[in-house]
Amino acid sequence: MGGKPAPARHRDRRLLPRLEAAVPGIRAVSTYRREWLVKDLVAGVVLTTLLVPQGMAYAELAGLPAITGLYTTVLCLLGYAVCGPSRILVLGPDSALGPMIAATVLPLVAADGDPDRAVALASVLALMVAAIMILASVAKLGFIADLISKPTMIGYMNGLALTILIGQLPKLFGFKIEADSLIGEFTGFVTGLADGAAVPAAAAVGIGGILVVLVLQRFLPKVPAVLVMVVLAITAAVVFDLGDRGVSLVGQLPEGFPPFTVPAVRLSDLPLLLGGALGIALVSLADTISNASAFAVRTGQEVHGNQEMTGVGVANLAAGLFQGFPISTSGSRTAVAERAGARTQLTGVVGAVLIVLMLVLVPGLFRDLPQPALAAVVITASLSLADVPGAVRLWRQSHTEFLLCCAAFLGVALLGVLPGIAIAVALSVLNVFRRAWWPYRTVLGRVPDLEGYHDIRSYPRARQLPGLVVYRFDAPLFFANAKTFRDEIRRLAAADPPPTWIVVAAEPMTDVDTTAADVLEDLDEELNASGVHLVFAELKDPVRRKIERFDLTRTIDPGHFFPTVGAAVAAFRRLTGADWTDRDG
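Throughout, the numbering used here is defined as the position within the sequence shown, counted from one, plus 49.
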């Protein structure tokens, strides 16, 4: 009775596309071209020269041992190579996430600063970020990245850059301070300098490292600036015996690779970690979507936002299970891979393998790397986060958005990184709400030799019909702005002489809620009592159906709905015989 089961070969043909869609790494292997191999290998070697020092530096920025940055780098590259859809996007420890990780983890670490507990907390944080990203992907919540507007993101990043810069200054000059705020860190740094706490050799290495990186990036962009600086710093440490001159060195890294580890933390830590994980996931998501979009255009790919979230989630999962911490995509490292000729995620796999070989075979390679050199890496990265020209452009283009940028900047600088991201999101949402709450509204008139009806603010000599006002309200009508709309209509109706019709050019009104419907009903009854009629033109069909469902046509005359403003004006002229007059008389 039933059909024959499909042959195994046909089942395999149906299964393979599904498997490739779920695991992009399989598709990458099946479509790999032999001519790409050399380019991917070379790009992997070049990329590794950047991955190692940045991974170590960003781990310390997060308040964790430098070695965890290498563990994190290896696992996230492998995880994304399997599940990430982008051909060349590079993931890893990120300068923007470092302060967020530190702000989440360090307050939970015991007073003695137990590094093992810090690593465990950071790993759980990575697992939480992984869960958030994967669940967001399943729920198709990629649009959440839009919760941070560009002005608030500029302010947030500028504040973050300043926070990172000031936080790294003591390390750059070879001493430590204890502070829990930006002002406290800056005050402590200045006090330390005044008290002679700076180590001249450390300052020379750190400042020299910054200059080397900035000069090479400016004049020789194809030269691996960070690698050159690191090699010079190690050479200087050996030749001048900087360790005995008070300069702190990285020291011997642990040999080998960490085992699979399920991190253990207290239950009481989880709620605090969750707050940080949400903020980290939001910033990581915004970075991922923007970087994926930018490089997809250049490589001819399409952006698959939900798959990107899955890929980043799996990368965080892999890092969290091997003593790593949360990661994100990196525009700078991806650009390096692209310039080096990368064609596929094999570039990242090569980088991961080379780091593992270094840990297994030559763990002492970076033993003599001065800590101020790592501070120089972080500081130069923080400078790339800042967008001062963007803030200046906002001042020129929109003072309101510039103020939003400044508020986000001050939120990060004065309250901290995690409150700063919360402020940035809140400001973005409130700005959207503000635009809907107090939308642009105006009266329209007829302009000679110009079709349609136009804003009398832009065209002061536009003509109007006696007894008729054409009014436009540029927003959906809902509970927050319904009274604003009502008050504007009342003001127009109170003119001397009063109009007979107030035509609402309703095309921008994409919705009407129940609160607004009640306001409209009361308003129409009030206007009718004074001999003024409320008329609607260009109302969208879904909104018109809502108005009918709300029974507003009991008070608003069904004949007072017109398909266009022109039709409403023509009906008024037929009714009254009015003719156009200039506004000045």
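Idealized CB from N, CA, C, for every residue including glycine.
Over the uninterrupted alpha helix (DSSP H) stretch that includes Ala617, give me the two end residues.
-> 614-625
Candidates Arg490, Glu556, Asp560: closest to Arg540 by CA position = Arg490
May I have the straight-line CA-CA distance separating Ala424 from Val254, to the nearest angstrom?
-> 10 angstroms
6 angstroms CB neighbourhood of Trp550 in its chain, flanking five on each side removed = Leu517, His582, Val584, Phe621
Please classify Arg136: is it buried, with 16 or more other beta-carbons within 10 angstroms of its beta-carbon, or exposed?
-> buried
What's the gap between the Cα of Ala511 and the Cα of Ala627?
-> 16 angstroms
contact_flag[the segment 103-111, the segment 414-429] where n(CB pairs < 8 angstroms) is 3 or more | yes
Among residues of its own chain, excluding the 5 on either side of Lys532, which ones have a beta-carbon nearer than 7 angstroms to its beta-carbon?
-> Val568
Relative to the alpha-carbon of Pro612, which residue among Arg598, Val592, Thr630 has its alpha-carbon at the smallest distance?
-> Val592
Asp504 in three-state terms, based on DSSP = strand
Separation of Tyr81 from Gly118, as counted between CA atoms = 30 angstroms
Mark Gly51 as exposed unless 16 or more other C-beta atoms lie within 10 angstroms of its C-beta, in which case mark it buried.
-> Note that Gly51 has pLDDT 48, beneath the 50 cutoff, so the model's placement of it is unreliable and no number is given.
On the premise that Asp417 lies in contact with Leu302, defined as a C-beta separation below 8 angstroms, what is that separation, rounded to the nearest angstrom?
-> Not quite, the Cβ-Cβ distance comes to about 12 angstroms (not below 8 angstroms), so this is no contact.
Simplified DSSP assignment, three categories, for Gly295 = coil
Simplified DSSP state of Tyr520, which is helix, strand or coil | strand
Three-state secondary structure (DSSP) of His353 = coil
Which class does Ile428 belong to by DSSP, given the choice of helix, strand or coil?
-> helix
Using only alpha-carbon positions, find the residue among Ile183, Gly112, Leu127 that is nearest to Val168.
-> Gly112
Taking Trp486 as part of the alpha helix (DSSP H), name the residues at either end of that continuous run.
-> 466-486
Proximity below 8 angstroms, CB of Cys125 to CB of Ala326 = no
When we look at the beta-carbon of Ile538 and count the other beta-carbons within 10 Å, is it buried (16 or more) or exposed?
-> buried
Three-way DSSP call (helix, strand, coil) for Gln103 in this model | helix
With DSSP as the reference, label Val496 as helix, strand or coil.
-> coil
Determine the extent of the beta strand (DSSP E) in which Trp550 is found, giving its start and end residues.
-> 550-554
Between Gly634 and Asn340, what straight-line distance do the alpha-carbon atoms span, to the nearest angstrom?
-> Confidence is the limiting factor: at Gly634 the pLDDT is only 48, short of 50, which leaves the residue's position unreliable, though a coordinate-based value still follows. About 58 angstroms.
Can you tell me which of Ala151, Asp590, Leu334 puts its alpha carbon nearest to the alpha carbon of Thr559?
-> Asp590
Could you round the C-beta distance between Phe528 and Ala475 to whole angstroms and report it? I think they count as a contact, below 8 angstroms.
-> Their Cβ separation, rounded to whole angstroms, is 20 angstroms, which puts Phe528 and Ala475 out of contact at 8 angstroms.
Got a sec? Which residues, its chain only, sit under 8 angstroms from Leu576 by beta carbon, not counting five neighbours each side?
-> Ile538, Ala542, Ile551, His582, Leu583
From what residue to what residue does the beta strand (DSSP E) around Ile123 run?
-> Before going on, a small fix: residue 123 reads as Val here, not Ile. Counting along the chain, Val123 falls outside any beta strand (DSSP E), though it belongs to the alpha helix (DSSP H) covering 115-132.
Buried or exposed: where does Thr563 fall if 16 or more other Cβ atoms within 10 Å of its Cβ makes it buried?
-> exposed
Can you tell me the Cβ-Cβ gap for Thr201 and Ala473, rounded? I've got them flagged as a contact below 8 angstroms.
-> 4 angstroms
Going by beta carbon distance, what residues of the same chain come within less than 6 angstroms of Asp504, once the five residues before and after it are set aside?
-> Thr491
Does the Cβ of Pro273 have 16 or more other Cβ atoms within 10 Å, making it buried, or fewer, making it exposed?
-> buried
Does Ala565 have its Cβ less than 8 angstroms from a Cβ in chain B?
-> In the structure shown, chain B cannot be found, because there is only a single protein chain.
Under the rule that 16 or more other beta-carbon atoms within 10 Å means buried, what is Leu100, buried or exposed?
-> buried
Below 7 angstroms CB to CB, which residues in the same chain sit around Met177 once its five sequence neighbours on both sides are set aside?
-> Leu322, Leu323, Ala326
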